[in-house]
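Worksheet: the structure to be examined is printed underneath.
Numbering (this note's numbering), first residue to last: 38 to 287.
What follows is the structure, encoded as structure tokens:
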């Protein structure tokens, strides 16, 4: 380790850890254990935890199901927050590996950059974990709100007693009072605007190598058309119940 020299980028976090690690020495049976030894110990822990994390998560969460589709980050807030915390830890140590260059270019004390790295290594990762976790929970609540109330239409309606309400487009069926029936959250992306409705499309029939038979393809098309007609009929009925019948009666 010398001034003005840095290792390859993938090893910079280890040098940053060596630079900001306190000069703690331990003595064991007339032998001195210097501070860089603990840097090597932390490196070993990191390289053990990385491949072991999927098994640890499965053990602590009890989720032994097969996930053939990727989960969105918002649906696994703890995993996402841990990943963001690890990235913050890595970035702090990487910047600490060039603290002499930072001190030279920005005309600040080298000791100050060392203490900034020490404090950042302790404070920044938990802070990033908290922010990321709350962000994921907020995104989940936003999706559940759309499933419960529908998509905001931007249409404002004035009620007879003078109150104003915004109309929502339900994503599913409605009850006898015209209120949307809350849908179960499945972790799939949801439309948040009216122009996003139907933008996801629908899966095609058959597989990548083999097509469905003509009879099965026709049956699938007919079923899809019937489902579309039922959805349109329910939508018209719901709109008529809110805005009034076509003849002007309310």
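We put the CB at the ideal spot given by N, CA and C, even for glycine.
Less than 7 Å between the C-beta atoms of residue i and residue j, yes or no?
i           : j           : result
residue 169 : residue 117 : yes
residue 131 : residue 140 : no
residue 35  : residue 175 : The structure shown does not extend to residue 35, since the chain is modelled only from 38 to 287, so the question has no answer here.
residue 123 : residue 53  : no
residue 227 : residue 183 : yes
Would you identify the three-state DSSP class for residue i, choosing helix, strand or coil?
i           : result
residue 113 : coil
residue 54  : helix
residue 201 : strand
residue 79  : helix
residue 217 : strand
residue 179 : helix
residue 222 : coil
residue 227 : coil
residue 285 : Low local confidence applies: a pLDDT of 46 at residue 285 is under 50, so the model's placement there is unreliable, with the coordinate-based value given in what follows. Residue state, collapsed to three classes: coil.
residue 59  : coil
residue 99  : coil
Tell me where the beta strand (DSSP E) around residue i begins and ends.
i           : result
residue 63  : 63–65
residue 211 : Neither: residue 211 is in no beta strand (DSSP E) and is coded neither H nor E.
residue 24  : Coverage of the chain is limited to positions 38 through 287, which leaves residue 24 absent and any answer about it impossible.
residue 70  : 68–70
Rounded to whole angstroms, what is the Cα-Cα separation between residue i and residue j?
i           : j           : result
residue 187 : residue 207 : 4 Å
residue 76  : residue 107 : 34 Å
residue 136 : residue 160 : 18 Å
residue 267 : residue 259 : 12 Å
residue 121 : residue 127 : 10 Å
residue 103 : residue 95  : 11 Å
residue 198 : residue 166 : 47 Å
residue 277 : residue 221 : 26 Å
residue 63  : residue 101 : 43 Å
Over what stretch of residues does the alpha helix (DSSP H) that includes residue i continue unbroken?
i           : result
residue 138 : 136–143
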